[in-house]
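S.K.: One structure, as structure tokens, below. Some questions next.
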Amino acid sequence: MIKSKKKRAIGRAVIKTGTGKITLNKRKIEFVQPYYVKEMILEPIKLAGDLIKETDIKINVKGGGFMGQAVTARSAIAKAIVEYTNDKKLKEKYIKYDRLLMVDDHRRVEPKKPLGTKARKKKQSSKR
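All letters in the sequence shown, in the order written, are residues 121 to 248 by the working numbering.
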């Protein structure tokens with residue numbers, strides 16, 4: 121089981137030998153909407169090619185928004201494939217394509233401070 125994080129989203133991926141099924145939160149990957157999110161999640165599988173043709177991948181994602189969950193699922197899949205195949209060239213290929221496939225993004229939302237509407241934005245003050 122491989123774990124990945126992005127903002128508040130936490131994803132776990134499990135790879136087993138099988139028939140090639142890919143499920144996200146107990147649903148087939150074909151039913152994921154919108155289309156570009158589905159394609160983003162499938163990027164590591166397409167980059168791996170024939171290395172993982174006969175494997176089943178189960179992804180469980182919770183927390184965060186849909187884009188955070190998509191990035192988390194994508195990263196968890198890539199890490200799981202690299203661990204399953206023990207292929208250093210594939211890991212280098214993933215890092216060259218997009219570093220976030222192999223490295224978690226640990227940035228979090230900065231908390232709001234007093235005297236402002238956001239974390240850094242302050243109310244305008246007049247000098248006179």
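C-beta: ideal position from N, C-alpha, C; glycine also.
In whole angstroms, what separates the C-alpha of residue 191 from that of residue 174?
M.R.: One C-alpha to the other measures close to 24 Å.
S.K.: Residue 139 by DSSP, collapsed to three states: which one?
M.R.: Looking at residue 139 - three-state DSSP - the assignment turns out to be coil, as it is neither helix nor strand.
S.K.: Can you tell me whether residue 229 is buried or exposed, with buried defined as 16 or more other CB within 10 angstroms of its CB?
M.R.: That one is exposed.
S.K.: Let's test the definition: count the other Cβ atoms within 10 Å of the Cβ of residue 188 and tell me whether it reaches 16, buried, or not, exposed.
M.R.: Flag for residue 188 reads buried.
S.K.: Would you mind reading off the limits of the beta strand (DSSP E) that contains residue 175?
M.R.: That run of the beta strand (DSSP E) goes 175-182.
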